[in-house]
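There are 2 protein chains.
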Amino acid sequence: MNTENAAKNQFLQCWGEMGSSWGINKTMAQIHALLMVSDQPLSTDDVMSELQISRGNANMNLRSLVDWGLVRRSHQKGDRKEYFQSEKGVWKMFCAIARERKRREIEPVIAGLEECLQLAGRDKGSENFRKQITELLEFSKTIDFLMGQVARQEENKILPILVRMLGGKKSTKSKGTS
Amino acid sequence: MNTENAAKNQFLQCWGEMGSSWGINKTMAQIHALLMVSDQPLSTDDVMSELQISRGNANMNLRSLVDWGLVRRSHQKGDRKEYFQSEKGVWKMFCAIARERKRREIEPVIAGLEECLQLAGRDKGSENFRKQITELLEFSKTIDFLMGQVARQEENKILPILVRMLGGKKSTKSKGTS
DNA sequence: TCGTATTTTCAGAAAATATTGAAAGTTATG
DNA sequence: CATAACTTTCAATATTTTCTGAAAATACGA
Numbered sequence: 000m001n002t003e004n005a006a007k008n009q010f011l012q013c014w015g016e017m018g019s020s021w022g023i024n025k026t027m028a029q030i031h032a033l034l035m036v037s038d039q040p041l042s043t044d045d046v047m048s049e050l051q052i053s054r055g056n057a058n059m060n061l062r063s064l065v066d067w068g069l070v071r072r073s074h075q076k077g078d079r080k081e082y083f084q085s086e087k088g089v090w091k092m093f094c095a096i097a098r099e100r101k102r103r104e105i106e107p108v109i110a111g112l113e114e115c116l117q118l119a120g121r122d123k124g125s126e127n128f129r130k131q132i133t134e135l136l137e138f139s140k141t142i143d144f145l146m147g148q149v150a151r152q153e154e155n156k157i158l159p160i161l162v163r164m165l166g167g168k169k170s171t172k173s174k175g176t177s
Numbered sequence: 000m001n002t003e004n005a006a007k008n009q010f011l012q013c014w015g016e017m018g019s020s021w022g023i024n025k026t027m028a029q030i031h032a033l034l035m036v037s038d039q040p041l042s043t044d045d046v047m048s049e050l051q052i053s054r055g056n057a058n059m060n061l062r063s064l065v066d067w068g069l070v071r072r073s074h075q076k077g078d079r080k081e082y083f084q085s086e087k088g089v090w091k092m093f094c095a096i097a098r099e100r101k102r103r104e105i106e107p108v109i110a111g112l113e114e115c116l117q118l119a120g121r122d123k124g125s126e127n128f129r130k131q132i133t134e135l136l137e138f139s140k141t142i143d144f145l146m147g148q149v150a151r152q153e154e155n156k157i158l159p160i161l162v163r164m165l166g167g168k169k170s171t172k173s174k175g176t177s
């Protein structure tokens, strides 16, 4: 990691940690952070030298980021190398993550819980079990639905509304927060 | 893992996987699953034998579950052993998780991003950097606020409202979605 | 207080995950 | 189509995380 900029290093560190704690490969999160604050698209070699990681590692995690829809491949004219550019809009990023986590983590849970109900049968002894699984399943389906809908919003209209609904700070000034 | 019940095993498996993919120790998630579908509180030994894990492992993860507010310690009269009982309400569980993840994972990110801004200074060269970090920071603060507010709702009123707002299925009955 | 039942801790072992780097594969260009 | 530039793969290795089990600590009842 270059020493160039302490703030940038702090950011790479911070973002990597956060990724880790949400079950995302730390290097993947760091590359994402690097690209997010990079003014130009970066090549695999740029990423390797900035983060001091191997080609294989850089390649694999860049591909993952592309798969997640957080990063685009790009090309510079007169250059054979591939460059990578991050989506910078926070809401767009949020949508991409919501979409992928729905697909990778919520949908499989729904399928798993449905299989539980299948296996549980209808006998008296499994009543409580079925009730609990059914409640989890319905909740999961609601979350699944909401993540899907949120992920397709072009603009972040929903969070400000929620903030108001859940008691956002009252405006003390005469004009609204508009 | 006892062979007693295929549905239960499926559930333990499924819940463990889900935990893993969200950065939660798989065993912790499995113990949680086990307690969720257990009619009586279970002792450490019960958990050990159901999941075939060591005392140390069981103890550590039970403590974590208690720390997360997902499991309560309980006692049976005339028995010196400690027993554990899961919160079963899905909404209550959701709130506990939201509360803890806010505290453990969102708040540190906010602090980290604020430190980035400190370190970045005010010079022209860091303009884009500051803009990006600032946007991430504001988004994080919004999420932080929302998780805090959601976590304190006794009842799940908010999700049904959201479902309606984001295009919940239209009523097929004669009256409109009013 | 003592002895016993129970819980907690923690160093070492095992398992899971992430990383490396070199070879194989691919693609663009003369 | 040969070559050089670049990308991808993957077996070996390193690192991190999780788990074990026995020892230490604690709580309880007589």
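Going down the list, the protein sequences come from chains A and B.
Read left to right, the first sequence gives residues 0 to 177 (numbering that gives the first Met the number 0).
Read left to right, the second sequence gives residues 0 to 177 (numbering that gives the first Met the number 0).
Glycine included, C-beta positions come from ideal geometry on N, C-alpha and C.
query: Answer with yes or no whether the minimum CB distance from I30(B) to chain A is below 8 Å.; result: no
query: Excluding the 5 residues preceding and the 5 following C94(A) in the sequence, name in chain order all residues of the same chain whose CB lies nearer than 6 Å to its CB.; result: A150
query: Quick one: residues in its chain with C-beta nearer than 6 Å to the C-beta of E99(B), no 5 flanking neighbours on either side, listed in chain order?; result: W67
query: For the alpha helix (DSSP H) containing E99(A), list its first residue and its last residue.; result: 89 to 100
query: Which residues in the same chain as N58(B) place their Cβ atom closer than 8 Å to its Cβ, once the five residues preceding and following it in sequence are excluded?; result: T43
query: I'd like the list of long-range same chain contacts for V108(B), defined as Cβ closer than 7 Å, with 5 residues on each side in sequence excluded.; result: S139
query: What is the rounded straight-line gap between the Cα of L116(B) and the Cα of Q9(A)?; result: 10 Å
query: From this set, R121(A), V70(A), S20(A), which residue's C-alpha is nearest S37(A)'s C-alpha?; result: V70(A)
query: Based on Cα-Cα distance, which residue from N127(B), Q131(B), R102(B) lies nearest to M17(A)?; result: R102(B)
query: Please give the ranges of any alpha helix (DSSP H) in the segment 14 to 94 of chain A, keeping only runs that are unbroken, at least 4 residues long and fully inside the region.; result: 25 to 35, 43 to 50, 54 to 66
query: If you count every other CB in all the chains shown that lies within 10 Å of the CB of G175(A), and 16 or more means buried, which is it?; result: For G175(A), the predicted structure reports a pLDDT of 37, less than 50, and the residue's modelled location is therefore unreliable. The matter cannot be settled from this model.
query: Going along the chain, which residues of its own chain have a beta-carbon closer than 8 Å to the beta-carbon of A143(B), five neighbours each way excluded?; result: Residue identity differs from the one stated: residue 143(B) is Asp in this sequence, not Ala. Only K101, I105, E106, I109 meet the Cβ criterion.
query: Counting only C-beta atoms, is W21(A) closer than 8 Å to chain B at any point?; result: yes
query: Can you check whether the C-beta of S125(B) is within less than 8 Å of a C-beta belonging to chain A?; result: yes
query: Please say whether G166(A) and Q148(B) have beta carbons closer to each other than 8 Å?; result: yes
query: Could you name the residues of the same chain whose beta carbon sits closer than 6 Å to that of W90(A), not counting the 5 residues immediately before and after it, in chain order?; result: N155
query: For my contact list, G111(B) and C13(A) are in at a C-beta cut-off of 8 Å; report their separation, rounded to the angstrom.; result: 3 Å
query: V149(A) versus chain B: which residues are under 8 Å apart at the beta carbon?; result: L165
query: Under the rule that 16 or more other beta-carbon atoms within 10 Å means buried, what is V178(A), buried or exposed?; result: For residue 178(A) there is no data in the structure shown, the boundaries of chain A being 0 and 177.
query: Tell me whether Q117(B) sits in a helix, a strand or coil according to DSSP, three-state version.; result: helix
query: Express the C-alpha separation of L136(B) and N24(A) in angstroms, rounding to a whole number.; result: 22 Å
query: Given a cut-off of 8 Å, decide if A97(B) and M35(B) are closer than it, judged by their beta-carbon atoms.; result: no
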